[in-house]
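Residue numbers (this note's numbering), protein chains in the order written: chain A, 1 to 202; chain B, 203 to 469.
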Amino acid sequence: MVKLYFSFLILSGLIPILISLNYFRKKNDLSILPIFLWILIRLISDLIVYINRGNSSSVYSPFIHVAVLIESVLLINFFLKNSEKNKYGVLLYIIPFLVFIFETQFFSSIFQTIQIAVLCYNSLTVLLMLFLIFNQNTYTNKHISFIKVLFLYHANSFVYFVFIKQLRENLQLMQIIYPVFLFIVVSLNITISQIIWSKSKN
Amino acid sequence: MVQVKELAILILIVSLLIFILSFSIIQFAKKNRKIQELSEQLINEEKVKNEIEKLEIALATQETERSQIARMLHDDVGAILSLAHKNIFFIKKQANNGIFEHQSIDLTGEFIQESINQLRRINKGLIPHYLLKFGLVKALERMGKQKTDTLVDSFIFNAHLPDKLILSDQIMTQYFYITSELITNLIKHSYPTNIEMNLNLENGVLILKIQHNGIALAQRDFNNLSKDSDSLGLVNIRYRLEVIKGEISFFRSKTLGFIEIHTKLNN
Chain A
1 MVKLYFSFLI LSGLIPILIS LNYFRKKNDL SILPIFLWIL IRLISDLIVY INRGNSSSVY
61 SPFIHVAVLI ESVLLINFFL KNSEKNKYGV LLYIIPFLVF IFETQFFSSI FQTIQIAVLC
121 YNSLTVLLML FLIFNQNTYT NKHISFIKVL FLYHANSFVY FVFIKQLREN LQLMQIIYPV
181 FLFIVVSLNI TISQIIWSKS KN
Chain B
203 MVQVKELAIL ILIVSLLIFI LSFSIIQFAK KNRKIQELSE QLINEEKVKN EIEKLEIALA
263 TQETERSQIA RMLHDDVGAI LSLAHKNIFF IKKQANNGIF EHQSIDLTGE FIQESINQLR
323 RINKGLIPHY LLKFGLVKAL ERMGKQKTDT LVDSFIFNAH LPDKLILSDQ IMTQYFYITS
383 ELITNLIKHS YPTNIEMNLN LENGVLILKI QHNGIALAQR DFNNLSKDSD SLGLVNIRYR
443 LEVIKGEISF FRSKTLGFIE IHTKLNN
């Protein structure tokens with residue numbers, strides 16, 4: 001069953017990657033590069049977890065910590081590219097690094113399951129995307145579809161990561177909840193693929 | 203198992219609620235944007251409507267003025283000049299017969315003089331009556347007070363001109379109209395609450411300074427505006443300044459805006 005879930009997860013993650021590559025080949029536009037890299041990092045971290053599924057979580061946890069850090073940086077970059085110029089905007093990059101250091105050095109360790117960083121990453125992304133959605137000048141932005149999808153996804157995955165400890169400790173609970181989360185991830189990948197596909201068609 | 207199911211249901215319900223909430227936020231932002239767009243559209247339509255009304259009024263005023271000038275030229279000057287023309291024709295006819303009409307020549311001279319006087323009267327009629335009667339200082343003070351009466355909190359006017367100074371009609375008229383246009387523009391576009399106007403003579407240069415606390419233009423802004431804009435007011439200011447060989451300067455500080463008009467007066 002786990003194999004099936006991961007197959008779904010990885011296959012659905014491959015679709016936007018392939019469509020993005022096709023987009024880059026067709027159009028000389030790198031504005032979706034942060035999104036592409038974000039999907040790629042997610043896919044790589046999913047693959048690492050899949051490969052090491054038989055091992056203890058301490059084997060792949062460092063990768064997850066770093067992946068979440070890179071994902072945060074990429075989405076902050078996407079936010080800054082799509083928001084009005086602000087000289088203090090670059091300070092946002094400090095937040096994920098601070099959280100990473102705090103969690104890996106003081107709160108827990110890099111070999112333990114990620115908790116704080118992933119919650120901060122989700123809530124920060126929700127806030128940044130919400131800011132873009134409500135900002136009048138960026139609402140007409142060409143990436144508004146990405147912004148909406150990222151907002152919806154991170155708002156929902158936040159709930160999943162709030163209960164991640166209980167889920168990891170209880171296999172029965174995981175068996176009920178994970179398909180729902182998987183459905184959300186697959187929907188995200190398909191929606192992003194569809195957005196990039198329609199962009200490459202225009 | 204029961205506990206697990208309860209927790210699962212709780213997670214799913216929270217997820218569903220979060221999804222509904224996020225989706226509602228997106229829809230709300232979308233509607234909010236639509237309302238904003240509609241409001242902006244309505245404001246723009248209203249602005250265009252107001253501009254058209256203003257233009258219509260300006261055109262009607264210009265037409266009325268032109269009709270009045272045409273009527274005065276036709277009735278007063280035209281009539282006298284046609285009489286003078288007839289007299290010249292009569293003098294020429296008599297001269298061909300060897301008769302020298304001295305009286306008619308005098309009369310023609312009188313007609314021409316009368317038409318010159320009439321033209322002066324018409325010309326003076328185009329200059330504000332108050333300006334001619336009371337001079338530039340009083341006219342500027344009155345105009346400033348009238349225009350800013352209920353629209354700004356304070357309007358101060360100071361003039362320090364020598365008693366013996368006599369300004370030409372040309373300088374007075376152009377200064378008056380330029381200042382009038384500037385005050386109108388200030389009230390329309392800069393939204394000041396305080397305006398201070400000073401008229402001074404320094405080393406033979408007549409200087410009018412306007413200081414205000416509204417949105418201020420820099421010299422570059424004015425140059426760009428008067429270059430790019432087809433506004434009749436700005437074109438008129440530039441034309442009037444050329445007539446009196448004057449200059450206009452705009453500058454601003456953190457809180458105030460300054461406009462200065464200066465012209466070198468002839469002895």
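We put the beta carbon where it would ideally sit given N, CA and C, even for glycine.
Keep in mind that this is a model prediction, so the values were computed, not measured.
(message) Can you tell me whether Gly311 (chain B) is helix, strand or coil according to DSSP?
(response) As a first step, residue 311 (chain B) must be located in the second sequence, where it is residue number 109. The answer is helix: DSSP assigns Gly311 (chain B) an H, G or I state.
(message) My parser needs the alpha helix (DSSP H) runs of 4 or more residues fully inside the segment 433-468 of chain B; what are they?
(response) Listed in chain order, the alpha helix (DSSP H) runs fully inside the segment 433-468 of chain B are 434-445, counting runs of at least 4 residues.
(message) Is the beta carbon of Leu9 (chain A) closer than 8 angstroms to that of Asp46 (chain A)?
(response) Along the first sequence, one-based indexing puts residue 46 (chain A) at 46. Along the first sequence, one-based indexing puts residue 9 (chain A) at 9. The answer is yes: Cβ separation under 8 angstroms.
(message) Output needed for Ser123 (chain A): all residues of its chain with C-beta closer than 7 angstroms, excluding positions within five of it in sequence on either side, in chain order.
(response) Counting from one through the first sequence, the residue named residue 123 (chain A) turns up at place 123. These residues qualify, in order along the chain: Phe158.
(message) Can you list, in chain order, the residues of its chain with a C-beta nearer than 8 angstroms to that of Gln421 (chain B)? Leave out the 5 residues immediately preceding and following it.
(response) Here residue 421 (chain B) is taken as the residue at index 219 of the second sequence, counted from 1. Within the same chain, Ser451, Phe452, Phe453 come within 8 angstroms of Gln421 (chain B) by CB-CB distance, once the 5 residues on both sides are set aside.
(request) Find out if the Cβ-Cβ distance for the pair Leu388 (chain B), Leu401 (chain B) is shorter than 8 angstroms. (result) Sequence index remark: in the second sequence, residue 388 (chain B) carries index 186 (1-based). Sequence index remark: in the second sequence, residue 401 (chain B) carries index 199 (1-based). No; because the gap between Cβ atoms is not below 8 angstroms, this pair is not in contact.
(request) Could you tell me which chain B residues have their CB closer than 9 angstroms to the CB of Ala117 (chain A), listed as they occur along the chain? (result) Position 117 of the first sequence, counted from the first residue, corresponds to residue 117 (chain A). Proximity of chain B to Ala117 (chain A) at the Cβ level (cut-off 9 angstroms) is not reached, the minimal Cβ distance being about 20 angstroms.
(message) Give me the DSSP bridge partner(s) of Asn400 (chain B).
(response) Sequence index remark: in the second sequence, residue 400 (chain B) carries index 198 (1-based). Asn400 (chain B) pairs with B:Asn360, B:Lys411.
(message) In chain order, what are the residue ranges of uninterrupted alpha helix (DSSP H) at least 4 long that sit wholly in the segment 33-117 of chain A?
(response) Those alpha helix (DSSP H) runs which fall completely within the segment 33-117 of chain A and span 4+ residues are 33-51, 57-82, 94-101.
(request) Measure the alpha-carbon distance for Glu267 (chain B) versus Thr350 (chain B) and round it to whole angstroms. (result) Indexing the second sequence from 1 puts residue 267 (chain B) at position 65. Indexing the second sequence from 1 puts residue 350 (chain B) at position 148. In a straight line, the C-alpha of Glu267 (chain B) is about 25 angstroms away from that of Thr350 (chain B).
(request) Could you pull the start and end residues of the alpha helix (DSSP H) that Glu303 (chain B) belongs to? (result) Along the second sequence, one-based indexing puts residue 303 (chain B) at 101. Taken as a continuous stretch (DSSP letters only), Glu303 (chain B) belongs to no alpha helix (DSSP H), as it is neither H nor E.
(request) Tell me whether His391 (chain B) is buried or exposed, calling it buried when 16 or more other Cβ atoms sit within 10 Å of its Cβ. (result) Taking the first residue of the second sequence as 1, we reach residue 391 (chain B) at position 189. By the 10 Å Cβ count, His391 (chain B) comes out exposed.
(message) I want to see whether chain B comes within less than 8 angstroms of Phe151 (chain A), judged by CB atoms only; does it?
(response) Within the first sequence, the letter at position 151 stands for residue 151 (chain A). So, interface residue.
(message) Quick test of your reading: Ile192 (chain A) and Val149 (chain A), contact by CB under 8 angstroms. State the CB separation rounded to the nearest angstrom.
(response) Against the first sequence, residue 192 (chain A) aligns to sequence position 192. Against the first sequence, residue 149 (chain A) aligns to sequence position 149. Yes, they are in contact, since the Cβ atoms of Ile192 (chain A) and Val149 (chain A) sit about 6 angstroms apart, within 8 angstroms.
(request) Please confirm whether Tyr50 (chain A) and Tyr178 (chain A) have their CB atoms less than 8 angstroms apart. (result) For the purposes of this step, residue 50 (chain A) is taken as the residue at position 50 of the first sequence. For the purposes of this step, residue 178 (chain A) is taken as the residue at position 178 of the first sequence. With respect to the 8 angstroms criterion, Tyr50 (chain A) and Tyr178 (chain A) are not classified as neighbours on the basis of their beta carbons.
(message) If I follow the unbroken alpha helix (DSSP H) through Met374 (chain B), where does it start and stop?
(response) The count along the second sequence starts at 1 and reaches residue 374 (chain B) at position 172. That run of the alpha helix (DSSP H) goes 371-387.
(message) I need the straight-line Cα distance from Leu283 (chain B) to Asn289 (chain B), nearest angstrom please.
(response) Start at 1 with the first residue of the second sequence, and residue 283 (chain B) comes out as number 81. Start at 1 with the first residue of the second sequence, and residue 289 (chain B) comes out as number 87. So the two alpha carbons sit approximately 10 angstroms from each other.
(request) Find the residues of chain A that neighbour Leu209 (chain B), judging by a C-beta separation of less than 7 angstroms, and give them in chain order. (result) For the purposes of this step, residue 209 (chain B) is taken as residue 7 along the second sequence, with counting starting at 1. Result: Gln166, Leu173.
(request) Whole angstroms is fine: what's the gap from Ile19 (chain A)'s alpha carbon to Phe97 (chain A)'s? (result) Position 19 of the first sequence holds residue 19 (chain A). Position 97 of the first sequence holds residue 97 (chain A). Between Ile19 (chain A) and Phe97 (chain A), the C-alpha separation is close to 31 angstroms.
(message) If contact is defined by three or more beta carbon pairs under 8 angstroms, each pair taking one atom from either stretch, is the segment 51-67 of chain A in contact with the segment 111-119 of chain A?
(response) Contact between the segment 111-119 of chain A and the segment 51-67 of chain A is present, with at least three C-beta pairs closer than 8 angstroms.
(request) Find the residues of chain B that neighbour Asn156 (chain A), judging by a C-beta separation of less than 8 angstroms, and give them in chain order. (result) As a working mapping, residue 156 (chain A) is identified with position 156 in the first sequence. Ordered by position in chain B, the residues that pass the 8 angstroms Cβ test against Asn156 (chain A) are Ser217, Ile220, Phe221, Ser224.
(message) With a threshold of 7 angstroms on Cβ separation, who are the neighbours of Phe359 (chain B) within its own chain once the five nearest residues in sequence on each side are excluded?
(response) Walking along the second sequence from the start, residue 359 (chain B) turns up at place 157. The residues are Leu342, Glu343, Gly346, Met399.
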